[in-house]
Structure formats: C-alpha cells, structure tokens
Amino acid sequence: MAKRVNTMTVLRRERLTPHMIRLWLGGAGFDDFLPVVGESGLPDTDMYVKIVFAPEGVTYPQPLDMEAIKATLPPEQQPVLRTYTVRHHRPDDREIAIDFVVHGEEGIAGPWADRVEPGETVTFLGPGSGYRPDPEAPWHLMVSDEAGLPALAAGLEALPDDAIAKVFIEVAGESDELPLTAPAGAEITWVHRGAPAGDADDAVAGDNAPVIDAVRAASWLPGEPQVFIHGEAQAVMKNLRRYVRKERGVGARRAGSISGYWRRGRTEEGFRQWKADLRTAEAATS
Ligand SMILES: Cc1cc2nc3c(=O)[nH]c(=O)nc-3n(C[C@H](O)[C@H](O)[C@H](O)COP(=O)(O)OP(=O)(O)OC[C@H]3O[C@@H](n4cnc5c(N)ncnc54)[C@H](O)[C@@H]3O)c2cc1C
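Just so you know, our numbering puts the end of the sequence shown at 287, numbered straight through with nothing missing.
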C-alpha cells in the first residue's frame with residue numbers, strides 16, 4: 002500500500018448502531034487525500050487506510066516520517082497501525098467517513114473511536130485498495146461481518162442499476178443492521194449471530210459463524226459471480242474462500258476480493274503473523 006501520510010481532524014461522530022461508530026474526518030489535510038482510481042476510471046470501493054497510533058507518552062516530529070521513525074526509534078516507541086475502510090469520500094464537503102466496530106475495551110482503534118472527540122487529529126497512511134464491482138459480472142456474491150460492512154456497503158452502492166447480487170451480512174442482532182443503498186436485484190440477508198463478534202462463543206464464531214451456513218445454503222445463479230467476502234479470518238479464509246474457490250470453482254479473477262479483516266483472539270499484529278503463517282502453509286501444500 003502507498004505510504005503516503007495524511008493528517009486530518011475529527012469533525013464529528015455518529016453512533017450508527019450499538020456496535021458501530023462513524024467518524025467524519027476532514028480539515029486542511031483533506032486536500033492530500035488521493036482516492037485510488039482503478040482501471041474503470043472510477044474510485045475503488047474498498048479503499049482503506051492505516052491509522053497511526055503512538056504509544057502512550059510518545060510524540061513524533063511532524064510532518065510524520067515513517068522511514069525515519071522506523072530507522073531511529075526503539076521497538077517500544079514504534080507506532081501501532083490499524084487498518085480501516087474509507088466508507089465515504091465526499092470531495093464536495095471535503096470530508097471522509099470511517100466506520101469503527103466498537104468491540105469493548107480490548108485493543109487500540111476500537112476503544113479510541115468510542116471515546117475520541119471532535120477536534121482531535123488523526124494521522125494515517127494510504128489509501129490502498131483493490132476492488133470495485135465489475136459491471137460485466139453475471140452476478141455478485143457479497144459477504145461480510147460488521148468489520149467488512151463499510152466496504153461491502155460502499156461496493157453495494159456502486160453496483161449498476163441492473164446488477165444481480167446475493168448479499169449476506171452477519172451482525173450481532175437486528176439493532177446492528179444498517180440501511181443500505183442497493184439495486185432492486187440485490188437480495189440482502191442479515192444473519193444474526195446473537196452476540197457481538199468479540200464476545201461470541203465458539204458455537205457461533207470462526208468455523209461455526211452462521212454466515213457460512215447461510216452462504217452455503219444459497220442457490221447458485223448461472224455464470225461465474227464476482228465475489229467479495231471480507232470479515233473474520235477463520236470464517237473467511239478457512240471456510241468461505243475454500244467453498245467459493247474449491248467447491249464452486251470460482252476462478253482467481255472473479256474471486257479476487259476475499260479477505261480476512263481481523264482474527265478472533267488476536268490483535269492486528271498477531272493477525273498479520275497468522276496470515277503470513279497461512280500463506281507459508283498454503284505455498285507448501287500447493
Ligand atoms: C483492509 C481492511 C479494512 C478494514 N476495515 C475496517 C472497518 O472499516 N471498520 C472496522 O471496524 N474494522 C475494519 N477492519 C478490521 C480492523 O482493522 C480490525 O478489527 C483491527 O484489529 C481493530 O483494531 P483494534 O485496535 O480495535 O483491536 P486489536 O488491538 O487489533 O485487537 C484487540 C482484540 O479485539 C479483537 N477484535 C479486533 N477487531 C474486532 C472486531 N471487528 N470485532 C470483535 N473483536 C475484534 C481482537 O480479536 C483482539 O482480541 C479492516 C481490516 C482490513 C484488513
């Protein structure tokens with residue numbers, strides 16, 4: 002991902018659901034934000050940034066120079082990075098929105114979003130990206146949990162009016178459902194696990210995440226779908242990816258946007274290690 006550094010101000014916050022906070026960011030730094038435009042000439046819909054958090058008591062010289070920090074500061078003073086989707090980019094209003102899952106007191110970004118006040122400064126790297134719905138796809142399979150919902154919702158909004166989509170979104174319960182903009186041909190199924198993702202026990206998480214059965218039970222339409230599946234890594238990478246690629250035979254081009262966004266019981270650093278181990282294991286067996 003591009004290492005471009007951007008600093009914006011928290012303009013306002015909105016509580017979207019019991020477990021989701023939206024922060025609007027803008028200010029002078031808005032002009033430095035460069036959306037990623039894909040081959041279609043339009044911005045990708047899953048743009049993400051890496052928010053930079055300094056350890057307690059550490060401040061970095063401005064403007065932030067990540068290479069210099071890496072080269073000169075000891076490990077305990079290195080920044081912590083957390084990855085988030087740009088849910089809205091509104092050039093006319095010179096602001097972007099990021100939707101944060103709030104998942105209790107554990108972690109850095111979730112608790113920060115839950116308590117941050119307007120006026121605070123946010124520094125992030127990016128954006129990077131990789132997906133925009135293909136208007137030529139015969140149909141779309143779109144799946145997420147709460148963490149993947151901002152990118153899924155942005156993708157749904159970008160579907161052409163005549164698009165056909167099957168959409169499965171797993172959330173804690175009815176009060177976590179969000180209004181979505183979608184074409185008439187999008188069949189949206191909300192799947193309730195009955196608990197916030199971080200608190201759910203093994204019977205309804207990971208290999209047993211209810212969205213897996215919901216997707217497996219769905220009828221398959223003619224033609225190869227374009228697939229977008231983003232969410233908890235065990236459900237996505239070990240279950241749904243296998244289903245789509247191996248059992249349904251969707252090729253790499255159409256199934257290019259299948260991504261674990263977080264991992265139960267692991268911080269983002271621990272999750273990155275999990276992904277690296279998975280890649281190594283898969284390379285050894287392929
Ligand atoms: C490309 C990309 C885009 C993403 N976009 C978004 C987004 O728009 N909104 C969003 O909320 N997340 C998004 N995520 C996921 C987010 O980066 C992770 O959830 C991240 O771990 C949160 O950091 P944290 O500091 O809150 O918790 P961490 O310090 O990473 O983890 C602390 C604990 O919280 C748990 N935890 C982390 N995330 C969740 C969660 N979502 N639900 C329940 N428990 C959790 C961990 O398993 C761990 O036990 C995205 C991830 C990627 C890779």
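Yeah, the Cβ is synthetic: ideal placement off N, Cα and C, and Gly gets one too.
Please read all numbers here as calculations on a predicted model, not as lab measurements.
Cβ neighbour criterion (16 or more within 10 Å) applied to L160: Classification for L160: buried.
C-beta contact flag for A173 and P151 at 7 Å: For A173 and P151, no; Cβs fall outside 7 Å.
Same chain, Cβ closer than 7 Å to R133, neighbours up to 5 away in sequence not counted: Taking C-beta separations shorter than 7 Å and ignoring five residues to either side along the sequence, the partners of R133 in its chain run G39, S41, L43, D45, T46, A159, following chain order.
Separation of F34 from V50, as counted between CA atoms: Here the alpha carbons of F34 and V50 stand approximately 10 Å from one another.
Whole-angstrom distance between P139 and G224, CA atom to CA atom: Cα to Cα, the separation comes out at about 6 Å.
Boundaries (first-last residue) of the beta strand (DSSP E) holding E107: Where E107 is concerned, there is no enclosing beta strand (DSSP E), given that its DSSP letter is neither H nor E.
Complete beta strand (DSSP E) runs within the stretch 152 to 176 (minimum length 3 residues, chain order): Entirely contained in the stretch 152 to 176, the beta strand (DSSP E) runs reaching 3 residues are, in chain order, 166 to 172.
heavy atom of ligand 1 below 6 Å from F229 C-beta: No.
Boundaries of the alpha helix (DSSP H) in which M9 is found, first to last residue: Where M9 is concerned, there is no enclosing alpha helix (DSSP H), although the beta strand (DSSP E) it sits in stretches over 6 to 18.
Option nearest E96 by Cα separation, candidates R14, G129, W113: E96 has its Cα closest to that of R14, out of R14, G129, W113.
Residue range of the unbroken alpha helix (DSSP H) whose run includes L279: For L279, the enclosing alpha helix (DSSP H) covers residues 269 to 286.
Per-residue DSSP class, three states only, for E178: Coil at E178, not helix or strand.
In DSSP terms, what Y85 is bridged to: Under DSSP, Y85 shares a beta bridge with V50.
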